[in-house]
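See structure below.
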Amino acid sequence: MNRMLTEHQKRALQHERHLSVTANAGAGKTTVLVQRFIEILLRTREPIGKLVAITFTENAAGELRKRIADLIELTLAHSSPEETQLLERARDELSSANIGTIHSFCAHLLREYPVEADVDASFTVIEGVDRELLLQESLRETLQALLAEHADAGDREGLLNVLRLMGRKKVFRYIEHWLKKRELIDRMTQPEGCMADHLSDADILNLRQRMVREELAQSAGQPGWKEALGRLLKQASGKKAAEVSSFLSSWENLTSEEEKIRWYQELCPIVFTTSGSLRRDWTGSQPAAWDEGEDAVILHAHWKSTDGVRSSIESAEAEQLMLRLVRILLNVYRKTLDTYDSRKSEFGQLDFDDLQIKTRELLRREHIRKELADRFRFIMIDEYQDTEQLQY
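So that you can map any letter, position 291 of the sequence shown is 387 in my numbering, and since no number is skipped, the others follow by simple counting.
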């Protein structure tokens with residue numbers, strides 16, 4: 097069955113241990129998953145209900161189910177009597193197999209444990225345009241309540257200041273974006289998060305500046321860019337070339353993080369323009385191709401990758417203002433989320449975030465984890481979203 101696979105792909109068929117397969121698009125990851133699915137059925141003789149295959153979209157799940165069915169038929173053509181019995185049973189049960197998206201799998205678990213998950217057993221999933229409209233309606237309702245004459249004076253004044261500064265459309269965009277990043281925002285505002293309620297503005301700003309300074313020191317110590325600058329200095333003819341060279345040679349004598357940060361902050365404005373180009377007062381007059389050479393490209397890439405952290409350390413006052421805005425917007429976000437959740441509860445609805453968050457909470461119950469571990473012996477995930485912390 098697996099004679100067409102490479103040696104690496106054959107290793108991925110092993111089912112005795114956990115595996116993570118990383119490869120470029122088109123490298124055959126799904127093909128391996130399909131073969132692994134069949135391999136497990138034949139080697140372990142487990143019923144198909146013990147296997148779970150999760151993929152990214154409903155279309156991909158349908159395609160995965162079809163490819164498994166096709167491979168079952170292909171394998172049946174040259175299987176032993178015992179394998180034939182196993183495969184025919186799997187073929188008959190394939191329509192009810194656990195093959196679907198992460199959201200459909202979560203919904204299945206929540207419906208099975210509605211009391212433990214604290215959900216309506218007959219909930220429906222709200223998505224797409226319906227979800228967008230309900231989010232927008234909840235946000236409008238929240239803003240109206242916060243701006244009403246009888247509203248809390250502090251909340252009202254803070255929101256009015258934000259609306260004057262940012263405008264209504266931008267406030268809407270921010271809150272709508274945060275509502276779509278609910279799990280991330282919730283993590284940030286938890287007691288151990290960087291925006292926890294118990295932290296004062298000074299605590300948050302000090303933490304932020306400390307993180308920025310650590311990152312800046314790391315940027316200064318990044319390999320490659322100083323060597324590239326040294327090679328370019330050998331060709332430089334500008335009046336400040338000697339100054340840059342002196343700066344560069346002093347790096348080896350720096351011992352403390354503070355010294356390295358100060359060195360880096362003083363050197364960068366001499367080497368780079370505000371747009372990241374190399375300054376002519378140290379390079380001198382050079383042909384156009386000089387700026388496109390490998391070393392110049394290395395320097396420009398370094399400047400670009402560290403631009404954000406360099407500017408952050410110089411903007412404490414701006415960050416103080418931004419923090420005040422964020423706190424006000426977080427208040428709007430929380431109240432909007434409360435309204436949104438109430439409306440969903442009223443109609444017996446959950447959205448995709450709810451499915452994952454409530455499943456995570458459900459799986460924190462030890463007896464449920466044990467039940468599910470006994471029931472689902474093999475879980476295979478095709479294209480999980482490693483960029484989404486909750487799924488990951």
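Beta carbons are placed, not taken as given, at the ideal position from N, Cα and C, and that holds for glycine. Predicted model only: the values in this text are computed from it and were never measured.
Could you give the distance in angstroms between the alpha-carbon of residue i and the alpha-carbon of residue j?
i: residue 327; j: residue 157; result: 54 Å
i: residue 207; j: residue 296; result: 41 Å
i: residue 254; j: residue 244; result: 13 Å
i: residue 483; j: residue 193; result: Only weak support exists for where residue 483 lies, its pLDDT of 46 falling under 50; the coordinates are left without a value.
i: residue 319; j: residue 376; result: 24 Å
i: residue 168; j: residue 107; result: 21 Å
i: residue 435; j: residue 302; result: 34 Å
i: residue 219; j: residue 446; result: 7 Å
i: residue 397; j: residue 391; result: 10 Å
i: residue 365; j: residue 382; result: 20 Å
i: residue 332; j: residue 351; result: 28 Å
i: residue 387; j: residue 311; result: 27 Å
i: residue 246; j: residue 370; result: 49 Å
i: residue 227; j: residue 457; result: 23 Å
i: residue 143; j: residue 469; result: 15 Å
i: residue 394; j: residue 111; result: 44 Å
i: residue 181; j: residue 437; result: 49 Å
i: residue 292; j: residue 285; result: 4 Å
i: residue 147; j: residue 198; result: 14 Å
i: residue 374; j: residue 417; result: 33 Å
i: residue 338; j: residue 367; result: 12 Å
i: residue 116; j: residue 424; result: 42 Å
i: residue 214; j: residue 414; result: 43 Å
i: residue 231; j: residue 224; result: 11 Å
i: residue 276; j: residue 399; result: 32 Å
i: residue 421; j: residue 265; result: 15 Å
Near residue i, which residues of its chain fall below 7 Å by C-beta distance, leaving aside the five closest residues on each side in sequence?
i: residue 313; result: 353, 356, 357
i: residue 455; result: 202, 205, 206
i: residue 287; result: 294
i: residue 186; result: 137, 144, 168
i: residue 234; result: 432, 435, 436, 439
Could you name the residues that DSSP lists as bridge partners for residue i?
i: residue 374; result: 368
i: residue 475; result: 148
i: residue 445; result: 220
Considering only residues of the same chain and omitting the five flanking positions on each side of residue i, which have a CB-CB separation below 8 Å?
i: residue 160; result: 126, 129, 130, 149, 151, 195, 478
i: residue 139; result: 111
i: residue 141; result: 182
i: residue 259; result: 267
Measuring alpha carbon to alpha carbon, tell me which of the options ends up nearest residue i.
i: residue 426; options: 221, 283, 146; result: 283
i: residue 450; options: 171, 329, 397, 202; result: 202
i: residue 389; options: 325, 420, 437, 349; result: 325
i: residue 467; options: 209, 263, 162; result: 209
i: residue 346; options: 362, 265, 331; result: 362
i: residue 237; options: 472, 458, 163, 433; result: 433
i: residue 453; options: 229, 344, 279; result: 279
i: residue 443; options: 305, 323, 217; result: 217
i: residue 229; options: 257, 439, 141; result: 439
i: residue 379; options: 115, 335, 400; result: 335
i: residue 322; options: 176, 348, 242; result: 348
i: residue 486; options: 464, 459, 474; result: 459
i: residue 474; options: 114, 102, 100; result: 114
i: residue 153; options: 259, 415, 308, 200; result: 200
i: residue 241; options: 123, 162, 252; result: 252
i: residue 191; options: 214, 163, 306; result: 163
i: residue 532; options: 402, 267, 155; result: In the structure as shown, the chain starts at 97 and stops at 488, and residue 532 therefore has no counterpart that could be examined.
i: residue 189; options: 165, 177, 176; result: 165
Who are the near neighbours of residue i in its chain, counting only those whose CB is closer than 6 Å to its CB and skipping five residues on each side?
i: residue 145; result: none
i: residue 222; result: 445, 447
i: residue 316; result: 356, 360
i: residue 274; result: 281, 429
i: residue 341; result: 329
i: residue 343; result: 363
Enumerated in chain order, which unbroken segments of the alpha helix (DSSP H) with a length of 4 residues or greater are wholly contained in the stretch 140–203?
Within the stretch 140–203, the complete alpha helix (DSSP H) runs of at least 4 residues are 154–172, 177–189.
Curious, which full-length alpha helix (DSSP H) runs of at least 4 residues does the stretch 244–298 contain?
249–262, 264–276, 278–285
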